[in-house]
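Q: Once you've had a glance at the structure underneath, I'll fire off some questions.
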Amino acid sequence: MKLFIILGNQLFNPIYLKNYSDHRFVMYEDYGLCTYEKHHKLKILLFLSSMRSYYDELKSKKFKVDYFSVEDNFKVSYEKKLEKYIKNNKVKEISLFEIEEKYYYY
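Residue numbers (the working numbering): 30 to 135.
Listed below in structure tokens is the structure:
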């Protein structure tokens, strides 16, 4: 199976996914995304609502998408959940958009 990982800050126009129609897409509502900084509750709501709307949009365009919400082991690390998904689905290829680097200055 070919997998395309979509992160919560990568909700790009689905036109950029057309070359990956043979992939299965996966999205996780992630505790780390919601807590890496002290966000206002409405900002967290915006994160999650945007991701759910994007999931609905992908489904309406006939993309194969697995979406895991806060009800699905929310506090388990993103990496652990993804590792389990990859093993359980015998993923042979992974694609994703470039991940932006975050620099923290203290």
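For glycine and all other residues, C-beta sits at the position ideal for the given N, C-alpha and C.
In angstroms, rounded to a whole number, what distance separates the CA positions of Phe103 and Tyr57?
A: 9 Å
Q: Taking a contact to mean a Cβ-Cβ separation below 8 Å, would you say Ser79 touches Leu46 in this structure?
A: no
Q: Report all residues from its chain with a CB closer than 8 Å to the CB of Lys121; omit the five preceding and five following residues, and keep chain order.
A: Met30, Lys31
Q: Please determine, among Phe76, Glu66, His52, Glu86, the residue with the shortest C-alpha to C-alpha distance to Asn42.
A: Between Asn42 and the set Phe76, Glu66, His52, Glu86, the nearest pair of CA atoms involves Glu86.
Q: Can you tell me the Cα-Cα spacing of Lys119 and Arg53, whole angstroms?
A: Computed Cα separation, rounded: 12 Å.
Q: Going by other Cβ atoms of all chains shown within 10 Å of its Cβ, with 16 needed for buried, is Ile128 buried or exposed?
A: exposed
Q: Look at the alpha carbon of Arg81 and the alpha carbon of Leu75, and state the distance between them as a whole number of angstroms.
A: Computed Cα separation, rounded: 10 Å.
Q: Taking 8 Å as the CB-CB limit, is Lys31 close to chain B?
A: This model lacks chain B altogether, as it is built from one protein chain only.
Q: What residue ranges within the segment 67-115 form continuous alpha helix (DSSP H) runs of no fewer than 4 residues, ordered along the chain?
A: Qualifying alpha helix (DSSP H) stretches, in chain order: 70-89.
Q: Is the CB-CB distance between Lys116 and Phe97 below 8 Å?
A: no
Q: Who are the near neighbours of Leu62 in its chain, counting only those whose CB is closer than 7 Å to its CB and skipping five residues on each side?
A: Gly37, Phe76.
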